[in-house]
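Chemist: Each residue of the sequence shown is one higher than the one before, counting from 1 in the UniProt record's numbering.
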Amino acid sequence: MIGKRMRHIGRYHEIAASLLRHGFGMIVDELGFSSFLSLPPRWRAEQGKKEGKTVGERLRLVLEELGPTFVKLGQIASTRPDLIPAPIISELEKLQDQVPPFPFADVRRIVEAEFGSSLETLFRSFEEMPLAAASLGQVHRAVLPSGQAVAVKVQRPHIAARVETDLEILQDLAVLAERRLDWAATYQLSEIIDELVRSLRQELDYTVEARHAERFARQFTGDSSVYVPRVFWDYTTKTVLTMEYVEGIKLGEIERLKANGHSLKTIAERLAEATFKQMFEHGFFHGDPHPGNVFVLDDGTLSFIDFGLMGRLRPHVKHHLSSLIIALMRQNTDGVLGAIYGLGIVPDGVDEGKLRDDIDELREKYYRVPLGEISLGEAVEDLLSVAFRHGIRIPSDLTLLGKALLTVEGVVETLDPQFRIMDVAEPFGRKLMKERLRPDRVAETAWKRIFDYGEWLLRLPDSVKEWTKMMRHGKLRLEITAPDLETLLKKLDQITNRLSFSIVLLSLSIVLAGLMIASSLGRPSTLLWKIPAVEIGLGASAFLFGWLLYSIFRSGKF
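#1: Could you say if the stretch 300-312 and the stretch 265-275 meet the contact criterion of at least three C-beta pairs nearer than 8 Å?
#2: Going by beta-carbon coordinates alone, are residue 180 and residue 378 separated by less than 8 Å?
#3: Drop a sphere of 10 angstroms on the beta-carbon of residue 60, count the other beta-carbons inside from all chains shown, and report buried for 16 or more, exposed for fewer.
#4: Would you say residue 287 and residue 400 are within 8 Å of each other, going by their C-beta atoms?
#5: Are the stretch 163-174 and the stretch 10-26 touching, with three or more C-beta to C-beta distances below 8 Å?
#6: Output the residue ranges of the alpha helix (DSSP H) runs that lie fully inside the stretch 176-200 and measure 4 residues or longer, sorted by chain position.
#7: Under the assumption that residue 139 contacts residue 240 (Cβ atoms under 8 Å), give the Cβ distance between them as a whole number of angstroms.
#8: Under 7 Å from any heavy atom of the ligand NAP, does the C-beta of residue 72 make it?
#9: Give the secondary structure of residue 285 by DSSP, where H, G and I count as helix, E and B as strand, and everything else as coil.
#10: For residue 310, which residues of its own chain have a beta-carbon under 6 Å away from its beta-carbon, when the five flanking residues on both sides are left out?
#11: Where do the N-terminal and C-terminal ends of the beta strand (DSSP E) with residue 243 fall, by residue?
#12: What runs of the beta strand (DSSP E), each 3 residues or longer, lie entirely inside the stretch 290-362?
#13: Which class does residue 9 belong to by DSSP, given the choice of helix, strand or coil?
#14: Please classify residue 411 as buried or exposed, where buried requires at least 16 other C-beta atoms within 10 Å of its C-beta.
#15: Can you tell me which of 351, 363, 347, 217 puts its alpha carbon nearest to the alpha carbon of residue 333?
#16: Go to residue 141, then tell me how far its beta strand (DSSP E) extends in each direction, as first and last residue.
#17: Just mark residue 58 as buried or exposed, buried being the case when its beta carbon has 16 or more other beta carbons within 10 Å.
#18: How many angstroms separate the CA atom of residue 257 from the CA atom of residue 264?
#19: Mapping DSSP to helix, strand and coil, what is residue 420?
#20: DSSP three-state label for residue 258, please.
#21: For residue 395, collect the residues of the same chain with a Cβ closer than 6 Å to its Cβ; drop the 5 residues on either side in sequence, then sort them by chain order.
#22: Mind the definition here: the stretch 232-246 touches the stretch 130-150 only if three or more C-beta pairs lie below 8 Å; say whether that holds.
#23: Output the residue ranges of the beta strand (DSSP E) runs that lie fully inside the stretch 57-139 and measure 3 residues or longer, sorted by chain position.
#24: Under 8 Å, do residue 95 and residue 74 count as touching if we go by C-beta distance?
#25: So residue 412 is in the alpha helix (DSSP H); what residue range does that whole segment cover?
#26: Let's test the definition: count the other Cβ atoms within 10 Å of the Cβ of residue 209 and tell me whether it reaches 16, buried, or not, exposed.
#27: Could you check where the beta strand (DSSP E) with residue 154 kicks off and where it finishes?
#28: Taking DSSP as the reference, what is the three-state secondary structure of residue 42?
#29: Just the Cα atoms here: how many angstroms apart are residue 385 and residue 327?
#30: Going by DSSP, what residue range makes up the alpha helix (DSSP H) through residue 27?
#31: Take residue 203 and list the residues in its own chain whose beta-carbon comes closer than 6 Å to its own, dropping the five residues that flank it on each side.
#32: Alpha carbon to alpha carbon, how far is residue 407 from residue 315? Give it in angstroms, no decimals.
#33: For residue 56 and residue 90, which I take to be in contact (beta-carbon distance under 8 Å), what is that distance rounded to the nearest angstrom?
#34: Distance cutoff 8 Å, beta carbons only. Does residue 306 sit that close to anything in chain B?
Shown next, in the form of structure tokens:
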């Protein structure tokens, strides 16, 4: 770790300087940057400059200043309301991914290096001006030798190495934070950063995006309302992605849609149906369905693009999500609580009473509200807010689902304010619940549990042997926590000290009595009796007695 820090010392300096510039000097100090960075006094003096901005605004400025890696991570983090407070989320959502394009000479060099041929051999034509430029890459329109129009996404030169450096630094900082900051350890910051790092590394591999596009397309086989551009694998690598070019109008261009005779109500209905089909029927959905990523083709068909950020609803998440829907519909607090426990990682110290109160408040919000007036995205966001307040970690795909739902609901409302999205969502929700209660699905779940218990029983003898072996070698630690154990031990100390005091008192009395009797008998004079034994014994006994009393009272356990 020290070697990595020294190798990336310049980047650490940039991060520390940006944090200080925007009023996060306390973080710089708490992370211990000063232990391996020599920060100029001028930088240290800047740590209090906040310019009246909120924490969220200053954080956004830091991320934008630090470049593509931090911007992308901020955008991904904006989908996690279960981990980040709402005011900061609203600022992270403003992060812009628009940057100046890189030179066409770099585009040519990268494409030719990837495929080992000249650009003129690979393509009939290749436009120099990009269609769009983002922090990780840019897109150019081109035509294949066959005459097929394509969109070619080319990764920025050297961006992978720079991002990898930043990711290593972020993981190091997360470990530092967990050692030094209680909140970082509580929220297991390293795991959160690792999750964000995995997402970003996937975005850097364009073959992953290509596979996402093909899987997404298979979900709509036979559905004429949705079209997914084709991937051209012969022209695709980790740094170059070639897909079919589609001509259409973006969903956000309302006036153009109207001018071309499209029915906004029909488009809203198709978008809602496509969204719920992805989420609740197939469990694989577009994670960023904003208006710029969905086109309307000439015949009214919807075409999705940009498959870098995708979400998955795994079977157990769908199971607990259906439980949550059922519990909300039945106004069942215990059911909602059980679904939350099933969906998230609940910390040991969670206050169940307060959690139940928050769920009751959430339930009351939707009590007797007509289904058509409920925002499913808002309901998921409310659930994530409750999770955040109690430190409950929810699967990232569920948070992405909430974000995507809110985005789609906003687009649909813009297209047709009278359209009720829950009218489309309700059949899919009921289908999800019916699917869970299907006899074959119930039988499959029961069989799986029986199989799991059977496996556990088969492993039990080996486990018992292992425990016995550990006990024989003294390696088995047993920890018992008893809330009143300390009080009990204190009482035992008091009893023991009082017994010691009584025994010493009794011994002293016996010795003194014996000496006095012997003296009164007037026995012949001896060397012993020429010594004042009674006085010396009495003095020694009194000293020992006083010392014992002092020790007992000093311990406070008399």
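Virtual Cβ for every residue (Gly too), placed ideally from N, Cα, C.
Modeler: Looking at the coordinates:
#1: Touching, yes, given that three or more Cβ pairs across the two stretches are closer than 8 Å.
#2: No, these two residues do not count as a Cβ contact at 8 Å.
#3: Under a 10 Å Cβ-count criterion, residue 60 is classified as buried, with 16 or more other Cβ atoms of the shown protein chains found around its own Cβ.
#4: Cβ atoms of residue 287 and residue 400: closer than 8 Å.
#5: The stretch 163-174, when compared against the stretch 10-26, does touch it at the 8 Å Cβ threshold.
#6: Secondary structure remark: continuous alpha helix (DSSP H) runs of at least 4 residues inside the stretch 176-200, in chain order: 182-186.
#7: That belief does not hold up - the Cβ atoms of residue 139 and residue 240 are roughly 11 Å apart, past 8 Å.
#8: For the structure depicted, the ligand NAP is absent and the ligand set is empty, with no information on it obtainable.
#9: In the three-state reduction of the DSSP assignment, residue 285 falls in the strand class, which pools E and B.
#10: Cβ within range, chain order: 212, 287.
#11: Its beta strand (DSSP E) spans residues 240-244.
#12: With a minimum length of 3 residues, the continuous beta strand (DSSP E) runs that stay inside the stretch 290-362 are 294-296, 302-304, 310-312.
#13: It is helical.
#14: Buried, because 16 or more other Cβ atoms sit within 10 Å of the Cβ of residue 411.
#15: Per the Cα distances, 363.
#16: In the DSSP assignment, residue 141 falls within the unbroken beta strand (DSSP E) covering 137-143.
#17: Per the 10 Å Cβ criterion, buried.
#18: Their backbone Cα atoms lie some 8 Å apart in a straight line.
#19: Assignment of residue 420 by DSSP, reduced to helix, strand and coil, places it in the coil class.
#20: In the structure shown, residue 258 sits in a helix (DSSP, three-state: H, G or I).
#21: 317.
#22: Yes, the stretch 232-246 is in contact with the stretch 130-150.
#23: List check, beta strand (DSSP E) in window: nothing returned.
#24: Yes; because the gap between Cβ atoms is below 8 Å, this pair is in contact.
#25: It spans 396-415 - the alpha helix (DSSP H) in which residue 412 sits, taken as one unbroken run.
#26: Classification of residue 209: buried, given that the 10 Å Cβ count is 16 or more.
#27: It spans 149-155 - the beta strand (DSSP E) in which residue 154 sits, taken as one unbroken run.
#28: Because the pLDDT at residue 42 is just 48, under 50, the model does not fix this residue reliably, and the point stays unresolved.
#29: Rounded to whole angstroms, the gap between the alpha carbons of residue 385 and residue 327 is 18 Å.
#30: Its alpha helix (DSSP H) spans residues 25-30.
#31: Excluding its 5 nearest sequence neighbours in each direction, residue 203 has C-beta neighbours in its own chain below 6 Å: 308, listed in chain order.
#32: Going from the Cα of residue 315 to the Cα of residue 407 covers about 24 Å.
#33: Yes, residue 56 and residue 90 are in contact; Cβ-Cβ is about 7 Å, under 8 Å.
#34: Looking at the structure shown, chain B is missing, and only one protein chain is on hand.
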